[in-house]
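K.L.:
Got a structure for you, questions after.
Numbering (the UniProt record's numbering), first residue to last: 1 to 388.
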């Protein structure tokens with residue numbers, strides 16, 4: 001009897017495996033929904049009872065005994081209705097400790113208090129992160145170092161730069177995702193260009209409408225009140241800063257100007273191919289052009305970042321920064337300035353510079369290796385080389 005029951009009991013296993021393999025087959029183009037664990041468990045148990053019951057009935061009939069086991073799947077569900085719903089996990093009872101934890105969480109959210117902004121009572125630490133500024137590019141000039149070298153510089157003016165909004169994260173007791181300061185630059189005098197929603201935002205914090213806005217991530221000890229002005233003295237001479245701007249829009253340009261390619265020969269049978277790129281390299285082997293191939297196209301009008309640019313001079317009267325080298329963008333364009341990743345030689349003004357009428361800063365601040373204009377440079381002749 002047991003030997004005759006084995007093939008019948010194995011029949012439900014192969015039948016179930018065939019159903020599951022057709023549903024989970026990667027070659028099935030019809031996207032049928034996947035089976036849940038509970039549904040799959042129900043099908044397997046039902047098929048097992050059905051086929052094993054049929055096998056038992058067959059054995060009983062052969063022995064001349066009538067069996068009351070279910071003959072089809074409908075009778076199986078009628079005898080055991082719990083199979084329609086599938087197995088369920090027992091619910092965990094609520095404990096007093098769990099309830100207390102949930103109440104403490106809800107109280108912490110309802111009664112959380114944001115961090116108090118006290119810029120006069122904070123000090124600079126190694127992990128502090130200050131707010132940045134927005135400057136306007138004035139053009140380029142030159143400065144001379146004390147060793148006689150001429151250094152090209154870019155003039156950036158920090159004009160009408162103010163803190164518009166202070167956002168405090170939930171970790172620090174606020175309602176925002178991050179702790180940051182929103183900064184605006186250059187007052188907008190033509191109010192018809194300001195949208196109604198933007199005007200309400202500026203009116204809420206008591207700040208004039210700005211042409212350029214930018215948010216800077218800061219630490220909790222570097223927060224400032226809305227309306228706080230930011231000056232060029234926010235930095236110090238010799239400091240490294242990060243500069244972000246948009247390059248000049250050059251339009252559609254060829255490969256010689258866009259990618260500095262050599263071009264084709266000027267003579268010896270060349271006809272109208274002098275400034276072309278030549279072969280693209282898509283022969284028989286690849287049969288296509290590799291992505292990223294340098295070709296003619298739109299040039300400029302892209303974001304450009306310089307991560308460590310040195311400040312050589314600061315004019316505190318007109319809030320002008322003299323930055324070493326060139327900066328991206330046209331004259332009159334906006335440049336976002338912030339502290340670089342390099343360590344500070346000395347503690348910077350933290351959280352920002354606040355003017356003191358009793359002890360005002362000098363009009364010009366120079367780095368240590370920059371020659372002042374009110375001094376004369378003296379050179380000594382080198383005996384070995386014979387050069388000045």
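All residues carry an ideal CB built from backbone N, CA and C; glycine is no exception.
Using a Cβ-Cβ cut-off of 8 Å (strictly less than) and excluding sequence neighbours within five positions of residue 326, which residues of its own chain qualify?
P.N.:
Only 140, 152 and 154 meet the Cβ criterion.
K.L.:
Give the DSSP-derived three-state secondary structure of residue 216 in the structure shown.
P.N.:
If DSSP states are grouped into helix, strand and coil, residue 216 belongs with the strands.
K.L.:
What are the boundary residues of the beta strand (DSSP E) that includes residue 306?
P.N.:
Residues 303–315.
K.L.:
Just reading off the alpha helix (DSSP H) that residue 82 is part of, what are its end residues?
P.N.:
Unbroken alpha helix (DSSP H) run through residue 82: 82–85.
K.L.:
Comparing the CB of residue 186 with every heavy atom of the ligand NAD, is any distance shorter than 8 Å?
P.N.:
As far as ligands go, the structure on display features none, and thus does not contain the ligand NAD.
K.L.:
Who are the near neighbours of residue 317 in its chain, counting only those whose CB is closer than 8 Å to its CB and skipping five residues on each side?
P.N.:
Result list for residue 317: 363, in chain order.
K.L.:
Between 271, 166 and 354, which lies nearest to residue 219 when the distance is taken from Cα to Cα?
P.N.:
When only C-alpha atoms are compared, the closest one is 166.
K.L.:
In or out: residue 209 buried (at least 16 other Cβ within 10 Å) or exposed?
P.N.:
Buried.
K.L.:
Determine the direct distance from the alpha carbon of residue 276 to that of residue 146, and round the result to whole angstroms.
P.N.:
Answer to the nearest angstrom: the Cα atoms are 47 Å apart.
K.L.:
Rounded to a whole number of angstroms, what is the C-alpha to C-alpha distance between residue 328 and residue 246?
P.N.:
Going by the C-alpha atoms only, they are around 6 Å apart.
K.L.:
What residue does the beta strand (DSSP E) around residue 336 start on, and which one ends it?
P.N.:
Start and end: 334–339.
K.L.:
Sort 355, 294, 301 and 240 by Cα distance to residue 307 and report the nearest one.
P.N.:
Here the closest residue by C-alpha is 240.
K.L.:
Excluding the 5 residues flanking residue 396 on each side, which residues of the same chain have their C-beta closer than 7 Å to its C-beta?
P.N.:
Within the shown structure, residues of the chain are numbered from 1 to 388, placing residue 396 beyond reach of any answer.
K.L.:
So for residue 108, helix, strand or coil by DSSP?
P.N.:
Correct three-state label for residue 108: helix.
K.L.:
Over the uninterrupted beta strand (DSSP E) stretch that includes residue 299, give me the two end residues.
P.N.:
Note, residue 299: beta strand (DSSP E), 297–300.
K.L.:
Do you know whose CA, among 321, 72 and 354, lies nearest residue 232's CA?
P.N.:
When each option's Cα is compared against that of residue 232, the closest is 321.
K.L.:
Around the Cβ of residue 234, are there at least 16 other Cβ atoms within 10 angstroms (buried) or fewer (exposed)?
P.N.:
Buried, since its Cβ has 16 or more Cβ neighbours within 10 Å.
K.L.:
Could you compute how far the alpha carbon of residue 250 sits from the alpha carbon of residue 243?
P.N.:
For residue 250 and residue 243, the distance between alpha carbons rounds to 21 Å.
K.L.:
Would you call the CB atoms of residue 132 and residue 336 closer than 9 Å?
P.N.:
In contact: residue 132 and residue 336 (Cβ atoms closer than 9 Å).
K.L.:
Decide if the stretch 190–197 is in contact with the stretch 347–354; the criterion is three or more beta carbon pairs, one per stretch, under 8 Å apart.
P.N.:
Touching, no, given that fewer than three Cβ pairs across the two stretches are closer than 8 Å.
K.L.:
Helix, strand or coil for residue 282? Go by DSSP, reduced to three states.
P.N.:
Three-state DSSP puts residue 282 in coil, outside helix and strand.
K.L.:
With C-beta atoms as the reference, is residue 311 less than 9 Å away from residue 324?
P.N.:
Yes, they are a contact pair.
K.L.:
Can you say whether residue 130 is buried or exposed, counting buried as having 16 or more other CB atoms within 10 angstroms of its CB?
P.N.:
Under this definition residue 130 is a buried residue.
K.L.:
May I ask which residues mark the beginning and end of the alpha helix (DSSP H) holding residue 255?
P.N.:
255–258 is the extent of the alpha helix (DSSP H) around residue 255.
K.L.:
Under DSSP, the alpha helix (DSSP H) around residue 78 begins and ends at which residues?
P.N.:
Per DSSP, residue 78 belongs to the alpha helix (DSSP H) from 73–79.
K.L.:
Pull up the distance between the alpha-carbon of residue 95 and that of residue 103, whole angstroms please.
P.N.:
When rounded, the distance between both Cα atoms is 13 Å.
K.L.:
Give the DSSP-derived three-state secondary structure of residue 191 in the structure shown.
P.N.:
Residue 191 falls in the helix class under three-state DSSP.
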